[in-house]
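There are 4 protein chains.
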Amino acid sequence: MCGVFGIYGVPEAAKLAYLGLYALQHRGQESAGIASSDMGKVYSRVAMGLVADIFSPQDLDSLKGSSALGHTRYSTTGSSTIKNAQPIVVDYSHGTMAMAHNGNLTNARQVRDFLEAHGSIFSSTTDTEVLIHLIATSEGNKLIDCIVDALSQIKGAYSLVILTKKKLIGAVDPNNIRPLSLGKKGNGWVLASETCAFDIIDAEYVRPLEPGEIVVIDKDGLKSYKPFKAQKPAKCIFEYVYFSRPDSYIWGNSVQKARKALGAQLAKEFPVKADYVVPVPDSSNSAATGYSGESKIPYEMGIIRNHYIGRTFIEPSQTIRDFGAKIKYNPVKEILKDKKLVLIDDSIVRGTTGKKLVKMLRTVGAKEVHWRISSPPITNSCFYGVDTPTRKELIAAGNSVEKIREFMGVETLGYLSPEGMVKAVGGKMDEYCMACFDGKYPVDSANIQKCISEEKNEEKC
Amino acid sequence: MCGVFGIYGVPEAAKLAYLGLYALQHRGQESAGIASSDMGKVYSRVAMGLVADIFSPQDLDSLKGSSALGHTRYSTTGSSTIKNAQPIVVDYSHGTMAMAHNGNLTNARQVRDFLEAHGSIFSSTTDTEVLIHLIATSEGNKLIDCIVDALSQIKGAYSLVILTKKKLIGAVDPNNIRPLSLGKKGNGWVLASETCAFDIIDAEYVRPLEPGEIVVIDKDGLKSYKPFKAQKPAKCIFEYVYFSRPDSYIWGNSVQKARKALGAQLAKEFPVKADYVVPVPDSSNSAATGYSGESKIPYEMGIIRNHYIGRTFIEPSQTIRDFGAKIKYNPVKEILKDKKLVLIDDSIVRGTTGKKLVKMLRTVGAKEVHWRISSPPITNSCFYGVDTPTRKELIAAGNSVEKIREFMGVETLGYLSPEGMVKAVGGKMDEYCMACFDGKYPVDSANIQKCISEEKNEEKC
Amino acid sequence: MCGVFGIYGVPEAAKLAYLGLYALQHRGQESAGIASSDMGKVYSRVAMGLVADIFSPQDLDSLKGSSALGHTRYSTTGSSTIKNAQPIVVDYSHGTMAMAHNGNLTNARQVRDFLEAHGSIFSSTTDTEVLIHLIATSEGNKLIDCIVDALSQIKGAYSLVILTKKKLIGAVDPNNIRPLSLGKKGNGWVLASETCAFDIIDAEYVRPLEPGEIVVIDKDGLKSYKPFKAQKPAKCIFEYVYFSRPDSYIWGNSVQKARKALGAQLAKEFPVKADYVVPVPDSSNSAATGYSGESKIPYEMGIIRNHYIGRTFIEPSQTIRDFGAKIKYNPVKEILKDKKLVLIDDSIVRGTTGKKLVKMLRTVGAKEVHWRISSPPITNSCFYGVDTPTRKELIAAGNSVEKIREFMGVETLGYLSPEGMVKAVGGKMDEYCMACFDGKYPVDSANIQKCISEEKNEEKC
Amino acid sequence: MCGVFGIYGVPEAAKLAYLGLYALQHRGQESAGIASSDMGKVYSRVAMGLVADIFSPQDLDSLKGSSALGHTRYSTTGSSTIKNAQPIVVDYSHGTMAMAHNGNLTNARQVRDFLEAHGSIFSSTTDTEVLIHLIATSEGNKLIDCIVDALSQIKGAYSLVILTKKKLIGAVDPNNIRPLSLGKKGNGWVLASETCAFDIIDAEYVRPLEPGEIVVIDKDGLKSYKPFKAQKPAKCIFEYVYFSRPDSYIWGNSVQKARKALGAQLAKEFPVKADYVVPVPDSSNSAATGYSGESKIPYEMGIIRNHYIGRTFIEPSQTIRDFGAKIKYNPVKEILKDKKLVLIDDSIVRGTTGKKLVKMLRTVGAKEVHWRISSPPITNSCFYGVDTPTRKELIAAGNSVEKIREFMGVETLGYLSPEGMVKAVGGKMDEYCMACFDGKYPVDSANIQKCISEEKNEEKC
């Protein structure tokens, strides 16, 4: 997952991009970068690490101009290198172009092979570079034509921001798998993965981009294009469940409100008698308040999370019980001892950390642990930008709920139903991508199935 | 404020110290250090920054031995330098000694002047170095005698851990102003400011040190000394209100339990009709659940906190409303709009961030804000180790509650009563230091009053 | 200027590349990089700084395999950025390719425009990237065909080393403007800009590459190709005068021997009565011994050079006489006072440092300074890889020798004649490029003249 | 060995100290530090590494004031740590004091034991800290009294610079073992180990300090004190032979002149028929010109030295012949092949690098190698500040010249005689310390002999 940000027509654009990225930091902590334009030249700086660590005041001063673009990248296995950090900045026939991308292109391998066969060279292993090549090799006259041409050749999920000397462009894929929102800052415009990036810079939220929409912003204002045939939306429901910040709006809806509703629905589907509702902090706090409100069981911060996790954590070679989980979580014995708990979590991926956490709760004397998950079992890998592991690593891919319950060592285990999840979030089943829960890949499905069968999914096609 | 940690008789002692410090990171983020002993030599490494950032695996490997000591230091104005980082490690007549100190010596200036007049040199501006000199210049034969001799000459607050080649020593001042707890790890012993440092290394909590107690741990086991005349305890009640981690026990009591009781008591003293109880995260989360439980007003995470704050944060020169607060907090519009809120905070110091936060709540449409503080007004500086500003900067030192309410722009403002605070925490009024609330300095009061009147309090005497 | 190195078929190839680059460090100190291949995968690391500073043992261990390539880059104005550091490593249709380049392509701008117009994107501002694109877009079947195809489209100076998973390729331009030598290390092969890189790794010098020669080294051994029509060689004579290390052989000849002969010839052309021959260290030491030997005037280290020059040197704001020169040079008063000196220098570019140096000699009491330059006046910019400034900055471009003598404040000034220079180095006038001295550009002359007239020479065409 | 520098009464004092240290960098590359005073406060910065690398412009700006002191430290085994870096800056009864020290105190261990027994604590393992304690514990009223008191208790070699808020003090030991010179810069004063530090800042050389002299510089000007009984001087003759820069004056004499005379004397004592005189660069260049001048054998730069040696040099695990020497030196085959050489070196310590170098000369075809050393055989360790190894590591301590010749594999080997050395340098035998050559320790001899017999000489007593 990644966070993207763009701004046009506002003084100190790079500093605002810096703040915007800071607000989007939860979407990726591996690397960050900013490109800016002063209408004559494009400047950029990209580095590994956290936004607040890698930009000095001098760095920001050197990123001149009133338009800028930024990117934060999530750490994914095997390719954590500066070469893959974004934005990618290149010179091509129409000048200089910087690109920041959130999502994953499912036919990147095929397009890349095609491009290489026609003479393109690649400096990174990212699918984003494929898109840059498609724009550069397009024979369109105007930038918008080249972009439309390029996007028409790719499949998958993308929320893109592109910066040139004179323009800022935002684009989302026809299925709108990843969010991208439009805002206003004075006379200028802002684009961001989530609206929390608008709040920090006092920008006003205007609206989410629509499926397949491309907005081009320049001195003549904003123009919206919808060049592609209308597609059924396939919004990633996991953005509501886990990824986005609760104070953000995505696709026009409040994440916190959705998350509370998920918790309340969970209480309806899996009620239980207990002393406390305890969230796995911080991602499940909102769902836990929802469960608590519906069930009238008191909400309790029974697990404390340590936020000081650094780049490298050093494990002692001797055995410490449940070590990995201990670095992040500590249960509050005084509260939990002899108590029946409803433990709220957003999801279970491999199940290893969760199992350790449950053991920690037992160690401090929890009498009963009723685990409630505010989403259905994850049974499939994501090919649209979320870094889920391969199928065989997903505990729910090969095990029944009862088996998982037993493995976890909890009294009861309840996963929210798909129907309940959609009901809570709002809208209809068929406007969301729920592939990780149901294996129905809404975009480029045949190709993805081929990838899975060929076990090529390490690189996500 | 600082965090201290010591361990004796456990393999990989430095790695466990590292984990212990990591758990105590909230007590100080300016610098950290570890010293270790392999019974023949003392090793050490001290650096500026976070525990998880400054120790590499090689660093920890080079800190050999089965006993170790660690320190995390809080950033205080004007003296943020490696020279003041701890532990202090020196050679003296009895060999090598490392010391880590939490607290503040009130007569350090006088003792330092005396020592300098008698030929001592000082490499740092910390009061801890004064203590080292007193031990080194003591004419006692045994280490314990030198320590007792040294401690008998100083006044103020201290929770100390000392490491020599062969021994680990813990000591707390006769009034027990700062906490220090004793734990057991296998056949070895552990000392820590808070018990959360025991949990992370699977050590067992034994008991808090008692007022004026000194424990000496070596190959013959643990010996406890109480060389000083019994004093009335004066435990810092602010450790319960704000400083300690909720999952810790201090002085034998659960911080989380105390904090919830503070919130419940606050609800009794200052009830109000409202839609939600909203904490200022994360320090007020527990008190907010207490208020919610007592008042039956639902608890709501209405303010989201960004945890990615780095070393240097770069402010845009243009005006962003309430900028400082925005870096840390963002209110959730969807939840707060048109709502009556009980805003729970642990304390108000200068009032500047709080005022900005309230403005942010208004901006997203909060209808009423009823501010509830889970401690009394802070009217005096701390001279025992908490980094409170000078009196004139304390908003409550010169203003009535009504004035503060008006300044903050809230409908109502309620501070917990001193009696209510003690009732919630447990115990009696006279076993706590509440000097920051009532100006009654339990230790070295005449000297402190002189400091205040001479406006020397920048260096805290 | 840059240094290139390649090695094939030798264990620990990257470590040998590291040593080779270390020996070539004088050819460029801005950045350095190594790529290696273990026959299955290509590894690389590139960074700003000195070879001995930027590679850790772990870095070298991660550069696996028995073939490798390295590059050191000279700092040139305006483009000192990691993006321009080499080797460039890309994926293209035939796999992975790394390239290191010494030289300058004179038609890079035109080719780049053409490539961009046909859809290529550029990540750097180097001409080397142009060459990579030409190889990648070539429709040749075999790598050698693609390389020949690419090289046939470019003009200018290049000594290239290319590494793929299975092959190491070396190539020099048809005029052989820059040197590249072939060596043998056990059963493996080595390529380097200068033979001093062979000495440090105990490799044996075989021969220089010939004009237009391409060598392809793989498991079947070395194959030599000469696909281009024979051209008159145009070897850069400045490599002998200044750039190469005296212990190297280039184009089969000893640099030290050539440099001594330049000094001796200078003594013949411009004899003078004096007490000492004093070199400007270290580049003129060899020429000075030659002058001394011919003239029988004693050689004297009358100027001491400080070698500890770091990345950023901080100038005091107050006036120190001849500050810039003082950082590097200090005259030895005891030796120079009241003496008549023959000052030997390899060349005068802008004349500013030299003027300061002469003033320093006067300050310590030199009675007469007879400046002798072991090359003719530099009157023209280099477009083949040496970082000379633009014509208008060259002191000899607009001034007579007498004017320069007057400006420098020396008793006499003698520049070696072109004929004398060639005689000393050996060979004939027309086998060298002497464009910086005579303005006769042997390659792509019309284009260079156009560049100069359009004053585009900042980017060297 | 170390370099010290002090300046008083000159604007931007820290920047001038920075330049001065840069000129003294050859005296120590392990660490460097500067302290400055603006008459009200003392500022300091100390770090590991080269002067030009460790001070940023901001660092220098923060070192305010018109007086400053600097130190560069040589890397010595076992104690390369920031704790031992200088200047040492402490607070004591009279305020703040910074100290930089070149030399070695022979009774440091005894004084340290005494001080520790009386309650002093030590933060470093340097003898310099002992001196600070002695000053701080002195009961003198004025600073000069305390310094005299302290110096009267120590033995050994010291050239000291001390900075307080208001004063700059320079001091040399009564035997004047290490040099310290006085200079003038405008109305201010300068002190430095060597005069090359005056040249770089345009200061004027006044005179060397005299044996046992202390100079105190403050707003009232310079006062000179000679509180100690006159001692026979014992100037380190090795400063002339090797350590100082040739462009410096020490004890009033030119190093370059001395070094040339050493070479000339060597030619008289050990003439030989040969083709070239070849120095081991750069330390023997001057002696080689002296030998060449006397013998009329041409001087030749037959060995090239690489100056880019970085912090960590990575050795390939496979065998490269004479690897260690290759990193630094490369012989010029073209010059040396089939030639008879006089190889000039300043000294032979262990003999390992020299042996490798000779092998390298043979490999390129040198017909005869006649090794000439411009000092006598080193047979004893230095206890006054030069980092010579223990006796048993010194090749000349246990082997005859003929044995060494054989081990080195040279045709002839000639060491300069002690008499010839003194004659060349000037003055009388008994005004120099030549302990490394003759074992006669002029200061604290009994204690040193005890150290040697107890094999405690690792720490140099």
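Protein chains in written order, with our numbering: chain U, 87 to 547; chain A, 87 to 547; chain W, 87 to 547; chain H, 87 to 547. Where is the CB? At the ideal position from N, CA and C, for every residue including glycine.
Chain W residues whose Cβ lies nearer than 9 Å to that of residue i
i: V176 of chain U; result: I207, F208 and S209
i: T223 of chain U; result: H204, G205, S206 and I207
Beta-carbon contacts of residue i that lie in its chain and below 7 Å, excluding the five residues immediately before and after
i: M125 of chain W; result: G151, K251 and K252
i: L105 of chain W; result: I286 and I287
i: C468 of chain W; result: T474, A521 and C522
i: T163 of chain W; result: Because T163 of chain W carries a pLDDT of 44, less than 50, the predicted location of this residue cannot be relied on, and the following value inherits that uncertainty. Closer than 7 Å at Cβ, skipping near neighbours: no residue.
i: N339 of chain H; result: G512
i: E355 of chain H; result: G500, L502, S503 and G506
Residue i and residue j closer than 8 Å at C-beta
i: G388 of chain W; j: I430 of chain W; result: no
i: D432 of chain W; j: S369 of chain W; result: yes
i: A452 of chain A; j: K414 of chain A; result: no
i: A133 of chain U; j: I120 of chain U; result: no
i: N392 of chain H; j: P319 of chain H; result: no
i: P265 of chain U; j: P294 of chain U; result: yes
6 Å CB neighbourhood of residue i in its chain, flanking five on each side removed
i: T281 of chain H; result: S267, Y291, S334 and Y335
i: E545 of chain H; result: For E545 of chain H, the predicted structure reports a pLDDT of 49, less than 50, and the residue's modelled location is therefore unreliable. A value from the coordinates is still provided. Excluding sequence neighbours, E545 of chain H sits near nothing in its chain.
i: E454 of chain H; result: K426 and E497
i: G437 of chain U; result: I481
i: R491 of chain U; result: L499
i: A109 of chain U; result: C282, A283 and I286
Interface partners of residue i on chain W, CB under 7 Å
i: R458 of chain H; result: Here the premise fails: no neighbours, minimum Cβ distance about 18 Å.
Chain H residues whose Cβ lies nearer than 9 Å to that of residue i
i: I218 of chain A; result: I207
i: T465 of chain A; result: Under the 9 Å cutoff, chain H gives no residues; its nearest Cβ is about 33 Å from T465 of chain A.
Listed by chain order, chain A residues near residue i by CB distance under 7 Å
i: G379 of chain U; result: P384
Chain-ordered neighbours of residue i on chain A, where CB pairs are closer than 9 Å
i: E492 of chain H; result: Residues of chain A passing the Cβ test: none, with the nearest at roughly 43 Å.
i: S122 of chain H; result: Chain A residues near S122 of chain H: none, gap ~16 Å exceeds 9 Å.
Proximal chain U residues relative to residue i, where beta-carbon distance stays under 7 Å
i: K101 of chain A; result: I400 and P402
Could you say if the region 231 to 249 of chain U and the region 187 to 194 of chain U meet the contact criterion of at least three C-beta pairs nearer than 8 Å? yes
Would you check if the region 512 to 531 of chain W and the region 323 to 343 of chain W touch, i.e. whether three or more CB-CB distances between them fall below 8 Å? Inter-segment contact for the region 323 to 343 of chain W and the region 512 to 531 of chain W is present: three or more beta-carbon pairs are separated by less than 8 Å.
Pick out the complete beta strand (DSSP E) segments inside the region 389 to 458 of chain U, 3 residues or longer, and give them in chain order. 389 to 391, 415 to 417 and 426 to 431
On the three-pair Cβ rule with 8 Å, is the region 209 to 226 of chain W touching the region 166 to 179 of chain W? yes
Report yes or no: do three or more beta-carbon pairs, one from the region 350 to 368 of chain A and one from the region 377 to 385 of chain A, lie closer than 8 Å? Yes: the two stretches touch, three or more of their Cβ pairs being nearer than 8 Å.
Any chance you could list the beta strand (DSSP E) runs of at least 3 consecutive residues sitting entirely within the region 128 to 187 of chain H, in chain order? Listed in chain order, the complete beta strand (DSSP E) runs (minimum 3 residues) inside the region 128 to 187 of chain H are 128 to 134, 153 to 159 and 174 to 178.
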